[in-house]
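Asks: Just so we're aligned, residue 1 is where the sequence shown starts under UniProt numbering, counting upward by one. Positions of the beta carbon are idealized from the N, C-alpha and C atoms, including for glycine. Remember, predicted model here, so these are calculated numbers, not experimental data. Questions regarding the structure given below will be posed in turn.
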Amino acid sequence: MQQERLISPIALDFLWEALDAGEPPYPLEVQSHGATMDSRAMLRRRIREELVANQLLDNSGRLEPRLEDWLLALANPDLSIDSVFLPDTGAPAVSALAASGRGSAVLAVQQKDGLRLRSIPRDGLVSAIVSMLPPARRGSETSISLPSNELATAGARAGGRSSDQETRKALAKLTAMPNQRGGQIAANSRTDMRGRRRSQVLSWFDNESGRYLTQTKNDWVTIAPADAATLRHRIGEMVASVTS
Numbered sequence: 001m002q003q004e005r006l007i008s009p010i011a012l013d014f015l016w017e018a019l020d021a022g023e024p025p026y027p028l029e030v031q032s033h034g035a036t037m038d039s040r041a042m043l044r045r046r047i048r049e050e051l052v053a054n055q056l057l058d059n060s061g062r063l064e065p066r067l068e069d070w071l072l073a074l075a076n077p078d079l080s081i082d083s084v085f086l087p088d089t090g091a092p093a094v095s096a097l098a099a100s101g102r103g104s105a106v107l108a109v110q111q112k113d114g115l116r117l118r119s120i121p122r123d124g125l126v127s128a129i130v131s132m133l134p135p136a137r138r139g140s141e142t143s144i145s146l147p148s149n150e151l152a153t154a155g156a157r158a159g160g161r162s163s164d165q166e167t168r169k170a171l172a173k174l175t176a177m178p179n180q181r182g183g184q185i186a187a188n189s190r191t192d193m194r195g196r197r198r199s200q201v202l203s204w205f206d207n208e209s210g211r212y213l214t215q216t217k218n219d220w221v222t223i224a225p226a227d228a229a230t231l232r233h234r235i236g237e238m239v240a241s242v243t244s
């Protein structure tokens, strides 16, 4: 079995159905094909023949074991990290999910031509998600922290302490620069004892001065310069928050 596979949208539809995998995990989508039961049956037979020809399905209907593990890891992950981002101005969004379960781990990236699956180490989910992001230098502006309820009005308020004024100036300077790229990342876990858990969302954006992350914790928002190492560390903390 190859370490990477591209599954077409129509093949994904019928594979997901055959596995009775349930609701697809955010942010992945499984599109339905065939307007009637008869048309779906015809498409199902065609896709089965293609999968057998590509050695992804045997003649008895059994899915290739690694591909089955990958799809079931996506459907029922013990741990997953989801990522949605705009890689450039005007470009379509990229949706990705790194997931581990059933003894395997996989990175799934949804594209127009299908779902690209790649084997990754079980302890490599964070690195897999960060490595997908477009390259950018660390932001050169200062870090900013302020109460979340003041974020929308901080740039317009006047007066107050000099430290508050400096924060507002820094925020105004940062927000005046057009964003070139941006996205959101979150970690998820599921256990029989604790059920499903989801971390706070980490947002990131790029502008002409570099890359920054945004996180909210205890009703405070922090905007800070970020590079790959910073993002790996912060996402690692998010994973810990849903697994400890």
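Would you call the CB atoms of L97 and P25 closer than 9 angstroms?
Replies: Translated into positions along the sequence shown, residue 97 becomes position 97. Translated into positions along the sequence shown, residue 25 becomes position 25. Contact flag set, yes.
Asks: Need the endpoints of the beta strand (DSSP E) that P147 sits in, please.
Replies: Taking the sequence shown and counting its residues from 1, the one referred to as residue 147 is at position 147. Run containing P147: 144-147, per the beta strand (DSSP E) assignment.
Asks: Which partner residues does W220 have in the DSSP bridge list?
Replies: The residue given as residue 220 occupies position 220 in the sequence shown. Partner(s): P147, K217.
Asks: Skipping 5 residues on each side, what residues in its chain have a beta carbon closer than 7 angstroms to that of P9?
Replies: On the sequence shown, position 9 is the one that residue 9 refers to. Closer than 7 angstroms at Cβ, skipping near neighbours: Q31, G114.
Asks: Please work out which residues of its chain come closer than 6 angstroms, Cβ to Cβ, to T243, disregarding the five sequence neighbours upstream and downstream, and give them in chain order.
Replies: To locate residue 243, count along the sequence shown from 1; it is residue 243. The residues are S189.
Asks: Leaving out five residues on either side along the sequence, give the residues of the same chain with a beta carbon under 7 angstroms from the beta carbon of R122.
Replies: Translated into positions along the sequence shown, residue 122 becomes position 122. These residues qualify, in order along the chain: S100, A105.
Asks: Taking 9 angstroms as the threshold (C-beta atoms), are S83 and S95 in contact?
Replies: As a working mapping, residue 95 is identified with position 95 in the sequence shown. As a working mapping, residue 83 is identified with position 83 in the sequence shown. With contacts defined by Cβ atoms closer than 9 angstroms, S95 and S83 form a contacting pair.
Asks: Where do the ends of the alpha helix (DSSP H) carrying D69 lie?
Replies: Mapped onto the sequence shown, residue 69 falls at position 69. Residues 65-75.
Asks: Tell me whether R161 is buried or exposed, calling it buried when 16 or more other Cβ atoms sit within 10 Å of its Cβ.
Replies: Your numbering for residue 161 matches position 161 in the sequence shown. Residue placement at R161 is poorly supported in this model, since its pLDDT is 49, which falls under 50; the coordinates still yield a value, given next. R161 should be labelled exposed.
Asks: What residues in its chain sit with their C-beta under 6 angstroms from that of R118, if we drop five residues either side in the sequence?
Replies: In the sequence shown, counting from the first residue as 1, residue 118 sits at position 118. Cβ contact annotation for R118 (same chain, cutoff 6 angstroms, sequence separation greater than five): E4, L107, in chain order.
Asks: For the beta strand (DSSP E) that I81 lies in, which residues bound it at each end?
Replies: By 1-based counting over the sequence shown, the position of residue 81 is 81. Annotation for I81: the continuous beta strand (DSSP E) segment containing it runs 79-86.
Asks: Looking only at DSSP bridge pairs, what is S189 linked to?
Replies: Counting from one through the sequence shown, the residue named residue 189 turns up at place 189. Per DSSP, L79, R197.
Asks: Which residue comes first and which comes last in the alpha helix (DSSP H) that contains I235?
Replies: The residue given as residue 235 occupies position 235 in the sequence shown. Residues 228-243.
Asks: Taking the C-alpha atoms as reference points, what is the distance between G139 and E208?
Replies: As a working note, residue 139 is residue 139 in the sequence shown. As a working note, residue 208 is residue 208 in the sequence shown. G139 and E208 have their C-alpha atoms some 9 angstroms from each other.
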